[in-house]
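Everything below concerns the one structure shown next.
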């Protein structure tokens with residue numbers, strides 16, 4: 026079956042510091058026209074930092090869209106042209122002060138592919154060394170460590186609700202299972 | 026530590042059929058001002074439909090932001106005022122023709138809480154009855170069944186990259202493990 030939508034027109038709506046918004050016109054597989062609202066985002070990298078006692082470094086920060094403090098794995102936006110592993114190392118160091126001797130790539134995901142062009146990449150970081158955090162001047166967050174098993178239980182009780190955090194922790198659990 | 030950001034101003038940028046965009050001014054915990062780009066979305070429901078042989082009903086559809094066909098679990102946007110379980114039953118029936126005698130709620134997640142106010146809710150559907158799909162006139166997709174174990178392997182090889190699909194399948198696997 027032909028599933029492809031062909032772009033016929035693009036109306037630029039907004040170019041912000043982080044996102045870009047357009048309203049596009051597409052031709053559907055049946056030849057009819059439809060509108061697609063599109064948000065483009067530079068993407069980001071998130072990291073499950075696991076110490077030798079199976080504790081994960083977690084951050085709590087205020088998330089403006091939801092007006093609440095959210096428990097997440099450390100993460101950040103890709104700088105223009107930045108390599109994803111460099112972003113991972115940078116964000117982990119900035120938010121937690123950690124450096125890692127071992128990084129395994131756990132894959133990437135589309136946050137909401139119906140309207141949003143944003144990839145988030147996830148790493149598992151191990152063999153950690155603790156240093157001092159260097160937050161951006163407009164970044165306010167708290168760091169704590171929580172056992173991986175406890176975090177998986179919290180996910181299954183719906184107490185962890187950030188997408189990249191749920192994916193990172195469940196993939197890390199499965200990745201470690203498959204190593205054993 | 027005080028982590029709260031207080032809204033000082035809101036500039037409405039765009040109100041589309043699906044998303045709403047604004048640029049807000051906030052007061053940070055240290056008293057300085059900052060800008061927050063905000064996308065609001067009605068949210069949606071996704072469903073892991075598992076038959077008695079442990080196969081999952083999957084859909085393939087063109088995702089405009091990524092210009093590619095993506096393998097996903099069935100899902101759809103919430104209609105205004107629609108109850109999430111009603112949306113789950115409706116979308117499952119529309120996209121696959123299935124009805125389910127048993128629904129378990131697997132929780133919800135924020136797709137990208139840095140800028141986007143969108144929740145996606147996920148159900149596990151079992152005891153399925155096969156009927157006829159009723160797609161929206163602008164919806165084009167293909168349905169196929171794939172064993173849950175195969176899908177988990179595909180996730181770990183980074184071959185499934187839709188966020189709600191990764192979360193739904195990994196949570197379903199963990200949910201079923203905990204039932205046994």
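Protein chains in written order, with this note's numbering: chain Z, 26 to 205; chain U, 26 to 205.
Just so it is clear, CB atoms sit at the ideal spot from N, CA and C, and this is done for glycine as well.
In angstroms with no decimal places, state the Cα-to-Cα distance between residue i and residue j.
{"i": "residue 82 (chain U)", "j": "residue 122 (chain U)", "result": "11 angstroms"}
{"i": "residue 111 (chain U)", "j": "residue 163 (chain U)", "result": "21 angstroms"}
{"i": "residue 29 (chain U)", "j": "residue 152 (chain U)", "result": "45 angstroms"}
{"i": "residue 98 (chain U)", "j": "residue 57 (chain U)", "result": "43 angstroms"}
{"i": "residue 175 (chain Z)", "j": "residue 190 (chain Z)", "result": "14 angstroms"}
{"i": "residue 86 (chain Z)", "j": "residue 61 (chain U)", "result": "15 angstroms"}
{"i": "residue 107 (chain U)", "j": "residue 72 (chain U)", "result": "16 angstroms"}
{"i": "residue 183 (chain U)", "j": "residue 170 (chain Z)", "result": "27 angstroms"}
{"i": "residue 27 (chain Z)", "j": "residue 115 (chain Z)", "result": "43 angstroms"}
{"i": "residue 202 (chain U)", "j": "residue 194 (chain Z)", "result": "17 angstroms"}
{"i": "residue 154 (chain Z)", "j": "residue 48 (chain Z)", "result": "46 angstroms"}
{"i": "residue 37 (chain Z)", "j": "residue 43 (chain U)", "result": "16 angstroms"}
{"i": "residue 142 (chain Z)", "j": "residue 172 (chain U)", "result": "29 angstroms"}
{"i": "residue 31 (chain U)", "j": "residue 51 (chain U)", "result": "5 angstroms"}
{"i": "residue 207 (chain U)", "j": "residue 185 (chain U)", "result": "Nothing about residue 207 (chain U) can be read from this structure; chain U reaches only from 26 to 205."}
{"i": "residue 54 (chain U)", "j": "residue 192 (chain Z)", "result": "30 angstroms"}
{"i": "residue 168 (chain Z)", "j": "residue 84 (chain Z)", "result": "5 angstroms"}
{"i": "residue 59 (chain Z)", "j": "residue 41 (chain U)", "result": "13 angstroms"}
{"i": "residue 101 (chain U)", "j": "residue 113 (chain U)", "result": "8 angstroms"}
{"i": "residue 158 (chain Z)", "j": "residue 135 (chain U)", "result": "26 angstroms"}
{"i": "residue 92 (chain Z)", "j": "residue 179 (chain Z)", "result": "21 angstroms"}
{"i": "residue 78 (chain U)", "j": "residue 96 (chain U)", "result": "20 angstroms"}
{"i": "residue 120 (chain U)", "j": "residue 127 (chain U)", "result": "18 angstroms"}
DSSP state of residue i, grouped into three classes?
{"i": "residue 197 (chain U)", "result": "helix"}
{"i": "residue 171 (chain Z)", "result": "strand"}
{"i": "residue 26 (chain Z)", "result": "coil"}
{"i": "residue 56 (chain U)", "result": "coil"}
{"i": "residue 101 (chain Z)", "result": "strand"}
{"i": "residue 128 (chain U)", "result": "strand"}
{"i": "residue 189 (chain Z)", "result": "helix"}
{"i": "residue 117 (chain U)", "result": "helix"}
{"i": "residue 160 (chain Z)", "result": "coil"}
{"i": "residue 205 (chain Z)", "result": "coil"}
For residue i, which residues in chain U fall below 7 angstroms Cβ to Cβ?
{"i": "residue 153 (chain Z)", "result": "Chain U residues near residue 153 (chain Z): none, gap ~23 angstroms exceeds 7 angstroms."}
{"i": "residue 138 (chain Z)", "result": "88, 90, 91, 95, 187"}
{"i": "residue 119 (chain Z)", "result": "Going along chain U, no residue has its Cβ under 7 angstroms from residue 119 (chain Z), so there is no contact; the nearest lies around 15 angstroms."}
Opposite residue i in the DSSP bridges: which residues?
{"i": "residue 47 (chain Z)", "result": "Z:37, Z:63"}
{"i": "residue 86 (chain Z)", "result": "Z:95, Z:166"}
{"i": "residue 134 (chain U)", "result": "U:145"}
{"i": "residue 150 (chain U)", "result": "U:74, U:128"}
{"i": "residue 81 (chain U)", "result": "U:75, U:171"}
{"i": "residue 176 (chain Z)", "result": "Beta-bridge pairing links residue 176 (chain Z) to no other residue."}
{"i": "residue 31 (chain Z)", "result": "Z:52"}
{"i": "residue 155 (chain Z)", "result": "Z:123"}
Closer than 7 angstroms by beta-carbon distance: list the chain Z residues that pair up with residue i, in chain order.
{"i": "residue 61 (chain U)", "result": "89"}
{"i": "residue 48 (chain U)", "result": "41"}
{"i": "residue 142 (chain U)", "result": "90, 91"}
{"i": "residue 54 (chain U)", "result": "165"}
{"i": "residue 111 (chain U)", "result": "Under the 7 angstroms cutoff, chain Z gives no residues; its nearest Cβ is about 20 angstroms from residue 111 (chain U)."}
What first and last residue would you give for the beta strand (DSSP E) that runs through residue i?
{"i": "residue 70 (chain Z)", "result": "69 to 74"}
Taking C-beta pairs closer than 8 angstroms, name the residues in chain Z that residue i reaches, listed in chain order.
{"i": "residue 127 (chain U)", "result": "Per Cβ cutoff of 8 angstroms: no residues; residue 127 (chain U) is ~18 angstroms from chain Z at best."}
{"i": "residue 192 (chain U)", "result": "188, 191, 192, 195"}
{"i": "residue 203 (chain U)", "result": "181"}
Output, in chain order, the set of chain U residues within a Cβ distance shorter than 9 angstroms of residue i.
{"i": "residue 133 (chain Z)", "result": "183, 186"}
{"i": "residue 38 (chain Z)", "result": "38, 39, 41, 46"}
Taking residue i as the query, report the chain U residues whose CB atoms sit under 8 angstroms from its CB, ordered along the chain.
{"i": "residue 31 (chain Z)", "result": "Those do not exist, as residue 31 (chain Z) stays about 10 angstroms from chain U at its closest Cβ, beyond 8 angstroms."}
{"i": "residue 103 (chain Z)", "result": "Those within 8 angstroms of residue 103 (chain Z) in chain U number zero; the least Cβ separation is about 12 angstroms."}
{"i": "residue 72 (chain Z)", "result": "Those do not exist, as residue 72 (chain Z) stays about 15 angstroms from chain U at its closest Cβ, beyond 8 angstroms."}
{"i": "residue 107 (chain Z)", "result": "Within chain U, no residue comes near residue 107 (chain Z); the closest Cβ sits about 17 angstroms away, beyond 8 angstroms."}
{"i": "residue 84 (chain Z)", "result": "Under the 8 angstroms cutoff, chain U gives no residues; its nearest Cβ is about 10 angstroms from residue 84 (chain Z)."}
{"i": "residue 116 (chain Z)", "result": "By Cβ distance, chain U contributes nothing, its closest Cβ being about 12 angstroms from residue 116 (chain Z), past 8 angstroms."}
{"i": "residue 81 (chain Z)", "result": "Residues of chain U passing the Cβ test: none, with the nearest at roughly 16 angstroms."}
Just to confirm, does residue i get its C-beta within under 6 angstroms of one of the non-hydrogen atoms of the ligand FMN?
{"i": "residue 161 (chain U)", "result": "This structure simply doesn't include the ligand FMN, nor any ligand for that matter."}
Kindly list, in the order they appear in chain Z, the residues whose Cβ is closer than 9 angstroms to that of residue i.
{"i": "residue 167 (chain U)", "result": "26, 28"}
{"i": "residue 51 (chain U)", "result": "89"}
{"i": "residue 78 (chain U)", "result": "Near residue 78 (chain U) there are no residues of chain Z at all, since even the closest Cβ is about 22 angstroms away, more than 9 angstroms."}
At the 7 angstroms Cβ level, is residue i part of the contact set with chain C, yes or no?
{"i": "residue 91 (chain U)", "result": "Structure shown: chain C not included; protein chains present are Z and U."}
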